[in-house]
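Student:
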Amino acid sequence: MEHDEKTGKVTTTIQELAYYNMFLTEAIFELLAEKGILVGEEVMERVKNLKSETPLQFRWVQ
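So the sequence shown is residues 33 to 94, counted in my numbering.
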């Protein structure tokens with residue numbers, strides 16, 4: 033990730049953004065699981081539901 037001091041713009045790669053989102057999502061999930069609010073099965077079921085509802089076609093990696 034790069035930050036241009038003159039323009040204030042931040043640039044990043046798709047890979048960096050994907051990793052950031054993955055780590056953020058995992059951290060939120062782990063905190064909710066630690067507090068007993070969610071369990072893994074609930075999350076996977078929600079992911080399945082969202083995948084079936086989206087019109088976009090992604091190559092899903094499990």
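Think of the CB as a built atom: it goes at the ideal place given N, C-alpha and C, for glycine as much as any other residue.
Which residues bound the alpha helix (DSSP H) around Q47?
Tutor: Where Q47 is concerned, the enclosing alpha helix (DSSP H) stretches over I46 to E66.
Student: Based on the DSSP secondary-structure assignment, which residues constitute the bridge partners of V42?
Tutor: Partner(s): H35.
Student: E36 to E73, Cα distance in whole Å?
Tutor: Correcting the residue identity first, residue 36 is Asp in this sequence and not Glu. Distance between the alpha carbons of D36 and E73 is about 43 Å.
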